[in-house]
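By numbering that gives the first Met the number 0, the letter at position 86 of the sequence shown is numbered 85, and the numbering carries on one by one without gaps.
Built from N, CA and C at the ideal position, the CB exists for glycine as well.
Remember, predicted model here, so these are calculated numbers, not experimental data.
Notes follow the structure.
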Amino acid sequence: MTPHPDIVYVLFTEAEIAKAVCDMGKRLRNYYADKNPVVVCTLKGAVTFFADLVRAMDCPVQFDFLQASSYHDGTTSGGCVQIKKDLETDIAGRHVILVEDIIDTGNTIACVKQVLLARNPASVRTVCLVDKPDRRTADIQSDDTCFCIPDAFIVGYGLDYAQRYRNLPYIGVLKESVYAK
Ligand code: 5GP
Ligand code: MG
């Protein structure tokens with residue numbers, strides 16, 4: 000398949016993503032089999048990953064959704080995030096899996112994790128589709144990761160630039176000319 004014209008190159012194909020997500024689902028299943036975890040999808044970027052991941056976890060799970068303030072259609076972040084849409088579940092005493100699309104500076108996930116920990120869950124583990132450790136400033140690591148990459152701005156498989164490209168089935172590097180305009 001020819002990639003979208005705004006894509007420099009495909010970083011991870013549909014098949015590579017499916018394999019990595021399925022493997023993560025199995026690892027989570029082994030740990031959470033008897034824990035009925037609350038699996039929290041961070042909107043909107045993690046939606047596609049979340050939908051595939053929970054189906055790869057062959058054990059009881061509960062879904063919930065959370066939205067933190069985003070990059071405001073840009074490509075860099077800073078400061079502390081705000082919760083735009085909160086969970087519906089009372090997570091006190093529950094095991095929580097926080098599903099994030101990308102950890103870049105780590106700021107978003109560090110803030111969200113802090114908010115969740117204040118609610119006294121039994122545990123919180125963070126899992127992400129893509130880890131970009133080069134630009135990490137927050138003192139946080141993903142507990143499980145599908146792909147680790149050097150700094151690049153990527154889209155597809157849920158990831159956007161200005162709300163576009165989320166439905167590309169692969170992950171690709173976006174042409175700089177698209178966001179330099
Ligand atoms: P952080 O707070 O860790 O710097 O940023 C995390 C959020 O920034 C991610 O959840 C994602 O929404 C966005 N982000 C960071 N890097 C990229 C990228 O390469 N592509 C896209 N589409 N979003 C990114
Ligand atoms: Mg995000």
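| said: Measuring straight from C-alpha to C-alpha, what distance separates valine 114 and tyrosine 164? | reply: Indexing the sequence shown from 1 puts residue 114 at position 115. Indexing the sequence shown from 1 puts residue 164 at position 165. If you take the alpha carbons of valine 114 and tyrosine 164, they lie about 30 Å apart.
| message | Between arginine 93 and alanine 121, how many whole angstroms is the CB-CB distance? I'm expecting something under 8 Å. | response | Along the sequence shown, one-based indexing puts residue 93 at 94. Along the sequence shown, one-based indexing puts residue 121 at 122. Correct: roughly 6 Å between the Cβ atoms.
| task | Determine the DSSP secondary structure at leucine 116, reduced to helix, strand or coil. | result | Locating residue 116 in the sequence shown gives position 117, where the first residue counts as 1. Reduced to three states, the DSSP call for leucine 116 is helix.
| Supposed contact pair valine 111 and leucine 65 - C-beta distance, whole angstroms, cut 8 Å | Taking the first residue of the sequence shown as position 1, residue 65 is located at position 66. Taking the first residue of the sequence shown as position 1, residue 111 is located at position 112. With a Cβ gap of about 7 Å, leucine 65 and valine 111 count as contacting.
| query | Relative to the C-alpha of aspartate 143, which residue among Thr88, Ala19 and Thr107 is closest? | reply | The residue you call residue 143 lines up with position 144 of the sequence shown. Of the listed residues, the one whose Cα sits closest to aspartate 143 is Ala19.
| beta-carbon leucine 158 near the ligand 5GP non-hydrogen atom, thresh 7 Å | As a working mapping, residue 158 is identified with position 159 in the sequence shown. Yes; taking the cut-off as 7 Å, the Cβ of leucine 158 has a heavy atom of the ligand 5GP nearer than that.
| query | Would DSSP call leucine 128 helix, strand or coil? | reply | To locate residue 128, count along the sequence shown from 1; it is residue 129. Three-state DSSP puts leucine 128 in a strand.
| Is any heavy atom in the ligand 5GP found nearer than 7 Å to the beta carbon of isoleucine 101? | Position 102 of the sequence shown holds residue 101. Yes - the ligand 5GP has a heavy atom lying nearer than 7 Å to the Cβ of isoleucine 101.
| message | Quick test of the definition: if touching needs 3 or more C-beta pairs under 8 Å, does the segment 97 to 104 touch the segment 131 to 150? | response | Yes, they touch.
| query | Taking the alpha carbon of phenylalanine 48 as the point to measure from, which residue in Ile82, Asn29, Ile170 and Val9 has its own alpha carbon closest? | reply | Your numbering for residue 48 matches position 49 in the sequence shown. Among Ile82, Asn29, Ile170 and Val9, the Cα nearest to that of phenylalanine 48 is on Ile170.
| Straight-line CA distance for valine 7 to glutamate 175? | For the purposes of this step, residue 7 is taken as residue 8 along the sequence shown, with counting starting at 1. For the purposes of this step, residue 175 is taken as residue 176 along the sequence shown, with counting starting at 1. The straight-line gap from Cα to Cα measures roughly 9 Å.
| Cβ neighbour criterion (16 or more within 10 Å) applied to leucine 10 | Taking the first residue of the sequence shown as 1, we reach residue 10 at position 11. With 16 or more Cβ atoms within 10 Å of its Cβ, leucine 10 is classed as buried.
| Beta carbon of isoleucine 96, beta carbon of valine 39: below 8 Å? | Looking up residue 96 in the sequence shown gives position 97. Looking up residue 39 in the sequence shown gives position 40. Yes, the Cβ-Cβ distance between isoleucine 96 and valine 39 is below 8 Å.
| task | Figure out for me which residue from Cys145, Asp63 and Glu15 has the closest Cα to the Cα of proline 36. | result | Here residue 36 corresponds to residue number 37 of the sequence shown, with the count starting at 1. Of the residues Cys145, Asp63 and Glu15, the one whose Cα lies closest to the Cα of proline 36 is Asp63.
| query | What do you reckon, are the CB atoms on histidine 3 and leucine 167 nearer than 8 Å? | reply | Translated into the one-based positions of the sequence shown, residue 3 becomes position 4. Translated into the one-based positions of the sequence shown, residue 167 becomes position 168. It is a contact, given that the beta carbons lie within the stated cut-off.
| said: I'd like the list of long-range same chain contacts for isoleucine 148, defined as Cβ closer than 8 Å, with 5 residues on each side in sequence excluded. | reply: What you label residue 148 is simply residue 149 of the sequence shown in a count that begins at 1. If we look at isoleucine 148 and ignore the five residues flanking it on each side, its Cβ neighbours are Leu10, Val129, Asp130 and Lys131.
| said: My assumption, with CB atoms under 8 Å, is that threonine 41 sits in contact with glutamine 61. Please give the rounded CB distance. | reply: In the sequence shown, residue 41 corresponds to position 42, counting from 1. In the sequence shown, residue 61 corresponds to position 62, counting from 1. Contact between threonine 41 and glutamine 61 is absent: CB atoms are separated by about 16 Å, not below the 8 Å threshold.
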